[in-house]
Every structure is written in structure tokens, then in C-alpha cells.
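Colleague:
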Amino acid sequence: MGSDAMKVMNLNERAWKIADDLASRADELRLAVQTLPSGARVIDAGIEVHGGYGAGIGLAELCMGGLGHIRYAELEIGGCPNAGRGVTGEDGRITNLLDAELEPGWYQIVFDLASYYGSQQHFFSRVTLDVAIAETRHHHVPLLVSPFSCASYRGS
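Residue numbering for the sequence shown follows our numbering, starting at 18 and increasing by one per position.
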């Protein structure tokens, strides 16, 4: 293909486009947008402002660089085994959550946020992720939270 071939957007360009859209809809989404002296743009989706569902969806899609779309849906999976329990340390991670590697299957990861936020105003008290484990290996599943939005992904 020649130089006239369709340009493929990289992840940063995709995220920038989503950030521009969020900033242009700040009032509608109840966001605060600030540009720092360094030129960095800060989008507040729930720390100093109210945020909401739309802000949370936009923030999650921004975190994924537009490679996925978020929607709210009810899902119930019965019979998920309780494989382990833990509390995050200073680095935000749980070490030694499991005694052994997970076998392939469906699992629920439940993040209890009520004690984390305490009396601070927040929307999510608990976040439950239903995940399909296909490989017996270490799995890193971060949860990015603010008082009114959250996002997760399968890490490396």
C-alpha cells in the first residue's frame, strides 16, 4: 500500500479524541476539565464534581483508548466458587490471594469499596466482575475507581 493508505490511529490518538469529546460535553456529563501549566489536561469525573453514569462510561472508554465500548447490563452467573479473599496493601495490590493457580472457568471478583470510601460521598459500594479464566496462570485484574466511576481490565 502506498502513502495514501488509510491512516491507523494509535492508542494515544484514540484516547485524545475521546478526551476531547468528554471535555466538550463537560456540563452534560457533570465533569470538570482543567489544563495545567504543563499543558496536561485533567478530567475530573467525580472527585470535586458529581460525575455520573455517562462520566463513568466515558472515563472507562478513555482508559481503554477506544478499543472497547462500555454499557450497563445485568448479568447473573450462579455457582461461582469462592477462591480467595484479601485486603489491598499500601501499593493497592493483594499479595498471596490464592493458595494455588485458578482452574479455567467462571469466577466473580468482588471489590468492597464501602470501607475504602468510609463517610466520603461515593456511588459504588461494591463492584463485582464476572470473569472467564481460560488459562492456568497469574492474572492481574486492576480496578480503577473514583467516587463516581470505575473501570477494569485484564492486566499482564
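Beta carbons: idealized from backbone N, C-alpha and C, even for Gly. Please read all numbers here as calculations on a predicted model, not as lab measurements.
Leaving out five residues before and five after G103 in sequence, what residues of the same chain have Cβ atoms less than 7 Å from its Cβ?
Modeller: I111, L114
Colleague: Terminal residues of the continuous alpha helix (DSSP H) containing G73?
Modeller: 70–80
Colleague: So for G56, helix, strand or coil by DSSP?
Modeller: coil
Colleague: Provide the residue span of the beta strand (DSSP E) that contains D38, from first to last.
Modeller: Careful: D38 lies outside any beta strand (DSSP E), inside the alpha helix (DSSP H) at 28–41.
Colleague: Put L46 into one of helix, strand or coil per three-state DSSP.
Modeller: helix
Colleague: Using the three-state DSSP reduction, which class does S132 fall into: helix, strand or coil?
Modeller: helix
Colleague: So I150 is in the beta strand (DSSP E); what residue range does that whole segment cover?
Modeller: 143–150
Colleague: Secondary structure at I64, three-state DSSP: helix, strand or coil?
Modeller: coil
Colleague: If you measure from the CB of G109, is any heavy atom of the ligand MG nearer than 6 Å?
Modeller: The ligand MG is absent from the structure shown, which contains no ligand whatsoever.
Colleague: Taking the beta carbon of V59 as the centre, do at least 16 other beta carbons fall within 10 Å, making it buried, or is it exposed?
Modeller: exposed
Colleague: Given V144, which residues of its chain have a CB within under 8 Å of its CB, disregarding the five upstream and five downstream residues?
Modeller: Answer for V144: V127, F128, L130, L160, V162, C167, S169, listed in chain order.
Colleague: With a threshold of 16 other CB atoms inside 10 Å of the CB of L194, please say whether the residue is buried or exposed.
Modeller: The structure shown does not extend to residue 194, since the chain is modelled only from 18 through 173, so no value can be given for it.
Colleague: Buried or exposed: A62, going by 16 or more other Cβ atoms within 10 Å of its Cβ?
Modeller: buried
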